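*Asks:* Could you have a look at this structure, given as structure tokens, before my questions?
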Amino acid sequence: MTNWPLPLKKIIAEFQDCFDRMERYELLFDYANKLPHELQSKDWTEENRVKGCQSKAHVECMIDENGGFQIHGAADANLVQGLIAILAIGVDGMPPSEVASLSPKFVDEMDVKASLTPSRANGFLNMFEMIRNTAADMETEA
Amino acid sequence: MGLDLEAIRADFPILSRTMDGGRPLVYLDNAATTQKPKQVIEAMNSYYENTNSNVHRAVHTLAGEATEGYENARTEIAAYFGSPRDHLIFTSGTTEAINLVAYGWARANLSKGDVIVTTEMEHHADIVPWQILSKERGIEIRYIPLERDTLTLDMDAFEIAVKDASLICVVHTSNVLGVRNDVERIIQLSKTKGNRGNGAFVMIDAAQAAPHERINFIELGCDFLALSSHKMGGPTGIGGLFVKPEIMETMDPFISGGDMIETVTLEGSTFQKGPPKFEAGTPRIAEAFGWHAAIKWLSTHNMEEVHEHVSNLARHTAEQMSKISGIKIYGRHDLENCSGVVSFLHEKIHAEDLAHLLDSGGFAVRTGHHCAQPLMEALGVSSTARISFWLYNTQEEANAFVEHLESIVERFG
Numbered sequence: 001m002t003n004w005p006l007p008l009k010k011i012i013a014e015f016q017d018c019f020d021r022m023e024r025y026e027l028l029f030d031y032a033n034k035l036p037h038e039l040q041s042k043d044w045t046e047e048n049r050v051k052g053c054q055s056k057a058h059v060e061c062m063i064d065e066n067g068g069f070q071i072h073g074a075a076d077a078n079l080v081q082g083l084i085a086i087l088a089i090g091v092d093g094m095p096p097s098e099v100a101s102l103s104p105k106f107v108d109e110m111d112v113k114a115s116l117t118p119s120r121a122n123g124f125l126n127m128f129e130m131i132r133n134t135a136a137d138m139e140t141e142a
Numbered sequence: 001m002g003l004d005l006e007a008i009r010a011d012f013p014i015l016s017r018t019m020d021g022g023r024p025l026v027y028l029d030n031a032a033t034t035q036k037p038k039q040v041i042e043a044m045n046s047y048y049e050n051t052n053s054n055v056h057r058a059v060h061t062l063a064g065e066a067t068e069g070y071e072n073a074r075t076e077i078a079a080y081f082g083s084p085r086d087h088l089i090f091t092s093g094t095t096e097a098i099n100l101v102a103y104g105w106a107r108a109n110l111s112k113g114d115v116i117v118t119t120e121m122e123h124h125a126d127i128v129p130w131q132i133l134s135k136e137r138g139i140e141i142r143y144i145p146l147e148r149d150t151l152t153l154d155m156d157a158f159e160i161a162v163k164d165a166s167l168i169c170v171v172h173t174s175n176v177l178g179v180r181n182d183v184e185r186i187i188q189l190s191k192t193k194g195n196r197g198n199g200a201f202v203m204i205d206a207a208q209a210a211p212h213e214r215i216n217f218i219e220l221g222c223d224f225l226a227l228s229s230h231k232m233g234g235p236t237g238i239g240g241l242f243v244k245p246e247i248m249e250t251m252d253p254f255i256s257g258g259d260m261i262e263t264v265t266l267e268g269s270t271f272q273k274g275p276p277k278f279e280a281g282t283p284r285i286a287e288a289f290g291w292h293a294a295i296k297w298l299s300t301h302n303m304e305e306v307h308e309h310v311s312n313l314a315r316h317t318a319e320q321m322s323k324i325s326g327i328k329i330y331g332r333h334d335l336e337n338c339s340g341v342v343s344f345l346h347e348k349i350h351a352e353d354l355a356h357l358l359d360s361g362g363f364a365v366r367t368g369h370h371c372a373q374p375l376m377e378a379l380g381v382s383s384t385a386r387i388s389f390w391l392y393n394t395q396e397e398a399n400a401f402v403e404h405l406e407s408i409v410e411r412f413g
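Those protein sequences? They're chains S and C, same order as listed. Going by the working numbering, the first residue of the first sequence is number 1, and it counts up by one from there. Going by the working numbering, the first residue of the second sequence is number 1, and it counts up by one from there.
Right, here's the structure in full:
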């Protein structure tokens, strides 16, 4: 296993332990309820909408008082919200520079991609790319 | 006698493939596109292996055979819809067929002050072209609402709206609700009361109807009939617009270029008469061969039996689904003429989640707004999940679907 940040490592291991696709979905549903920073629906705007997503998904990246990276997000579909939660938990509090250099390969290790249609998997990777770019911008501005 | 489902299914190679975990494929997305019988696949393969050539111009043997096959397809497909061959313009599908009415006929024949009547139940393909035309020409569009309690068109509103209307555009069978509109009455009212009693022109979107019932364009009495091959066992990329010849003469070409002209000089061009005027460029030759094969294959089945089988599956499945806690059905499956479409939602599980969870069991279903956002708004939802049956689906598949849906609701609901 690649040297992922500890929270992400734990998530990857959990998904690797899943017996089948239904179990992975169940885990994603569980994670949907564990969003560390839920973006309330009143704060869903066109600016923070995740483009190309069939369900409604919104994500905003912020910096906490200790300079750590935070993902605030939510979606109306549980599987999408679960994916947002994995990212949010996986990188929560990390320095933006580390988030910016995170490889998307953790998705392959989780074996989640096989459970998503190609368009959903691409949507997830696009969201991840957007988060990395935002983290890189934050690093530059800091 | 009934449909021989075993024999029918044997004609569809894809139905024997297995999905994740070795589960059999249960294909329930037929309203989006149907699977193709081997006869269609073989016809298209054979065209490319033995006949491939461009049509109409060259004098060599292959070109002659390709032209003959292409024009035979037009003759036989038109005949299937009760029509002479010169009434059928090949298009890329229903969307292009409706756009051909908008750009080819309406632009040449409607102007500011004219009224187009359409409905809340339409696919975007039967809304957007009229909105573009309205903006360009100042034409008024009136939308017939859906009666919220019956989920059928408000025919009282239609009778009022049609009186000074020039063009009526109505979907034959809804791709969301499974409701078959009373198109016969709509056409009759349009012809007797439309445009202040002189009769209105009528365009019927029959994309969802053609797979379920035999439509006779001449007997139906509309002016334009739009449909797609791929929703009735044929290939994607081809469909048709049926037009009465006297109306076709009043239409301008929608796209222009090769094949549709008689002569071209630097000063100007003259066009062919009839369907070729609207089929510029190299046409969809292999697709025409494929659609012809689909029509031949469908002709071996009694469409009344197909309709009964498909609507019974939808009715029975909707009944069973409505017993599952939290499931709400959108549609009228109690109506005799309902099609094979069942739209639904669960009160807690998002439609997209449902589709993923169903897919894990090998069930191919659709989610989204189904290109009918105004209808979604009328229903008070942003999307639905949708299953849609066709003649190869079985009661066992329907039962397995309900069982899997129940288990999903128990586990995730």
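Quick reminder that beta carbons are idealized off the backbone N, C-alpha and C, glycines included. Quantities reported herein were computed from a predicted structural model and do not represent experimental measurements.
1) Pick helix, strand or coil for tyrosine 27/C, following the three-state DSSP scheme.
2) Whole angstroms is fine: what's the gap from proline 38/S's alpha carbon to alanine 286/C's?
3) Against chain C, does arginine 21/S count as a neighbour if the rule is that its beta carbon must be under 8 Å from one of theirs?
4) By the criterion of Cβ-Cβ separation under 9 Å, what are the contact partners of leucine 79/S in chain C?
5) Of the residues that make up the region 11-23 of chain C, which ones have a beta carbon closer than 9 Å to any beta carbon in chain S?
6) First and last residue of the beta strand (DSSP E) that includes methionine 260/C?
7) Taking the alpha-carbon of threonine 152/C as reference, which of Arg137/C, Thr317/C, Met251/C, His172/C has the nearest alpha-carbon?
8) Going along chain C, which residues have a C-beta under 7 Å from phenylalanine 29/S?
9) Name the residues in the region 29-51 of chain S whose C-beta lies less than 7 Å from a C-beta of chain C; which are they?
10) Whole angstroms are fine: how far does the CA of glycine 234/C sit from the CA of glutamate 76/C?
11) DSSP state of phenylalanine 242/C, grouped into three classes?
12) Thinking alanine 75/S and isoleucine 84/S are a contact (beta carbons under 8 Å), I'd like their distance in whole angstroms, please.
13) If you follow the beta strand (DSSP E) that aspartate 205/C is in, where does it begin and where does it stop?
14) For methionine 62/S, does the three-state DSSP call read helix, strand or coil?
15) Ignore the nearest five residues each way along the sequence and tell me which others in leucine 8/S's own chain have a CB closer than 7 Å to its CB.
16) Is there a C-beta anywhere in chain C that falls below 8 Å from the one on aspartate 76/S?
17) Within the continuous beta strand (DSSP E) that includes serine 343/C, where are the two ends?
18) Roughly how many whole angstroms lie between the Cα atoms of alanine 32/S and lysine 42/S?
19) So, does the CB of serine 343/C fall closer than 8 Å to a CB anywhere in chain S?
20) Which residue from Phe90/C, Lys36/C, Ser166/C, Ser299/C puts its Cα closest to that of threonine 118/C?
21) My output table needs one value for isoleucine 255/C: the three-state DSSP class, helix, strand or coil.
22) Within 8 Å (strictly less), CB to CB, does serine 55/S reach chain C?
23) Contact between the region 229-243 of chain C and the region 203-213 of chain C: three or more CB pairs below 8 Å?
24) Answer with buried or exposed for glycine 93/S, where buried requires no fewer than 16 other C-beta atoms within 10 angstroms of its C-beta.
25) Do serine 382/C and cysteine 338/C count as a contact pair if the criterion is CB distance below 8 Å?
26) Can you check the region 358-386 of chain C for any beta strand (DSSP E) of at least 3 residues that lies completely inside it and give the ranges in chain order?
27) With three or more beta-carbon pairs closer than 8 Å as the criterion, would you say the region 76-93 of chain C touches the region 233-247 of chain C?
28) Of the residues that make up the region 320-337 of chain C, which ones have a beta carbon closer than 9 Å to any beta carbon in chain S?
29) Taking only the alpha-carbon atoms, compute the straight-line gap between asparagine 45/C and threonine 282/C and give it to the nearest angstrom.
30) Whole angstroms is fine: what's the gap from lysine 323/C's alpha carbon to leucine 357/C's?
31) With DSSP as the reference, identify every bridge partner of tyrosine 143/C, one or two as the case may be.
32) Looking at leucine 146/C and aspartate 154/C, is the spacing between their C-beta atoms short of 8 Å?
33) Do valine 40/C and alanine 318/C have their C-beta atoms within less than 8 Å of each other?
34) Taking all protein chains shown into account, do 16 or more other C-beta atoms lie within 10 angstroms of the C-beta of aspartate 353/C, making it buried, or fewer, making it exposed?
35) Within 8 Å of any Cβ in chain C, is that where the Cβ of glutamate 14/S sits?
36) With contact counted as at least three CB pairs below 8 Å, one residue from each stretch, are the region 175-188 of chain C and the region 219-226 of chain C in contact?
*Replies:* Taking the coordinates as given:
1) The answer is strand: DSSP assigns tyrosine 27/C an E or B state.
2) Correcting the residue identity first, residue 38/S is glutamate in this sequence and not proline. Going by the C-alpha atoms only, they are around 53 Å apart.
3) True, the Cβ-Cβ gap to chain C drops below 8 Å.
4) Near leucine 79/S (Cβ distances below 9 Å), the residues of chain C are His350, Glu352, Asp353, His356, Leu357.
5) Look at the region 11-23 of chain C: the residues with a C-beta under 9 Å from a C-beta of chain S are Asp20, Gly21.
6) No beta strand (DSSP E) contains methionine 260/C, which DSSP labels as neither H nor E.
7) Distance check between threonine 152/C and each of Arg137/C, Thr317/C, Met251/C, His172/C places His172/C closest, using alpha-carbon atoms only.
8) Going along chain C in sequence order, the residues near phenylalanine 29/S (Cβ under 7 Å) are Phe412.
9) For the region 29-51 of chain S, the beta-carbon criterion of a distance under 7 Å to any beta-carbon of chain C is satisfied by Phe29.
10) Whole-angstrom Cα-Cα distance: 14 Å.
11) DSSP places phenylalanine 242/C in strand when its eight states are reduced to three.
12) That belief holds up - the Cβ atoms of alanine 75/S and isoleucine 84/S are roughly 6 Å apart, short of 8 Å.
13) For aspartate 205/C, the uninterrupted beta strand (DSSP E) run begins and ends at 201-205, by DSSP.
14) Reduced to three states, the DSSP call for methionine 62/S is strand.
15) Cβ within range, chain order: Gly90, Phe106.
16) Interface flag for aspartate 76/S against chain C is set, since a Cβ pair is found closer than 8 Å.
17) Counting along the chain, the beta strand (DSSP E) containing serine 343/C begins and ends at 341-346.
18) When rounded, the separation of the alpha-carbon atoms in alanine 32/S and lysine 42/S is 18 Å.
19) Closer than 8 Å: no.
20) Comparing Cα positions, the closest option is Ser166/C.
21) Isoleucine 255/C falls in the coil class under three-state DSSP.
22) At least one chain C Cβ lies under 8 Å of serine 55/S.
23) Touching, per the Cβ criterion.
24) Looking at its Cβ environment, which holds fewer than 16 other Cβ atoms inside 10 Å, glycine 93/S is exposed.
25) No. Outside cutoff.
26) Within the region 358-386 of chain C, the complete beta strand (DSSP E) runs of at least 3 residues are 366-368.
27) Contact between the region 76-93 of chain C and the region 233-247 of chain C is present, with at least three C-beta pairs closer than 8 Å.
28) The residues in question: there are none.
29) The alpha-carbon of asparagine 45/C is positioned some 19 Å away from that of threonine 282/C.
30) Each residue's Cα considered, the two are about 19 Å apart.
31) The partner list for tyrosine 143/C (beta bridge, DSSP) reads Thr118/C.
32) Closer than 8 Å, so yes.
33) The beta carbons of valine 40/C and alanine 318/C sit no closer together than 8 Å.
34) So aspartate 353/C counts as buried.
35) By this cut-off, glutamate 14/S is not an interface position.
36) Yes: at least three Cβ pairs fall under 8 Å.
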